[in-house]
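Undergrad: After the structure tokens below, expect a handful of questions from me.
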Amino acid sequence: MPDLLKSLQGRDLGHLRIIAELWGIELAAPDVRTGLQRLLPAMLERQRVQEVVASLPGEARSALDELAHSDQNRLSWALFARRFGIVREMGRGRRDRDRPWLSPVSPAEALWYRGLAARAFFDTPAGPEEFAY
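As numbered in the numbering used here, residues 1 to 133 make up the sequence shown, in order.
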């Protein structure tokens, strides 16, 4: 399973700032590399993790619990989306205009903007498959 660094590497600086905001972390960084270096240690603080998880809306907490207790801490993306809703796909400009993290349309989206859920392809006996983890 990818670690937190690998999970967040593909996200732009704006997304890292959103995660930081939702975690109560001040993130002043000129670029993604620096942003990751400053954000990751704060996200790994046990007390902060407990506070963020405790503050999740009920359905988002259920989604996180199901991921954490699933086989290999992952669910197929299709199953995850059926159970916990979509993560709206949008570019940086639309994301920054619409501010979906302030009113997520699903538990999945609430986890996505907090950096608590990610999406990636993993090898399976049937070939590569997309998973939420």
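Beta carbons: idealized from backbone N, C-alpha and C, even for Gly.
Which residues does DSSP pair with Ser-76 in a beta bridge?
TA: According to DSSP, which records beta bridges pairwise, Ser-76 is partnered with Phe-131.
Undergrad: Look at the Cβ atom of Arg-114, then the Cβ atom of Leu-22, and state whether they are nearer than 7 Å.
TA: yes
Undergrad: Below 7 Å CB to CB, which residues in the same chain sit around Arg-88 once its five sequence neighbours on both sides are set aside?
TA: The answer, listed in chain order, is Pro-100, Val-105 and Glu-109.
Undergrad: Give the range of the alpha helix (DSSP H) segment to which Ala-118 is assigned.
TA: Secondary structure note for Ala-118: it is in no alpha helix (DSSP H), with a DSSP letter that is neither H nor E.
Undergrad: Just verifying my parser: in three-state terms, what is the DSSP assignment at Asp-65?
TA: helix
Undergrad: Just checking, does the segment 43 to 53 make contact with the segment 77 to 92 on the three C-beta pairs under 8 Å criterion?
TA: no
Undergrad: Using the rule of at least 16 other Cβ atoms within 10 Å of the residue's Cβ for burial, across every protein chain shown, is Arg-17 buried or exposed?
TA: buried
Undergrad: Within its chain, find whatever has a CB closer than 7 Å to the CB of Arg-38; leave out the 5 residues flanking it on each side and keep chain order.
TA: Leu-27 and Ala-29
Undergrad: State the DSSP-derived secondary structure class of Asp-3, mapped to helix, strand or coil.
TA: coil
Undergrad: I need the DSSP call for Asp-71, collapsed to helix, strand or coil.
TA: helix
Undergrad: Quickly, what does DSSP pair Asp-123 with across the bridge? List them, please.
TA: Pro-128
Undergrad: Between the Cα of Ala-15 and the Cα atoms of Arg-61, Gly-35 and Pro-57, which residue gives the shortest distance?
TA: Note on identity: in this sequence residue 15 is His, with Ala being the wrong assignment. Closest option to His-15, Cα to Cα, is Gly-35.
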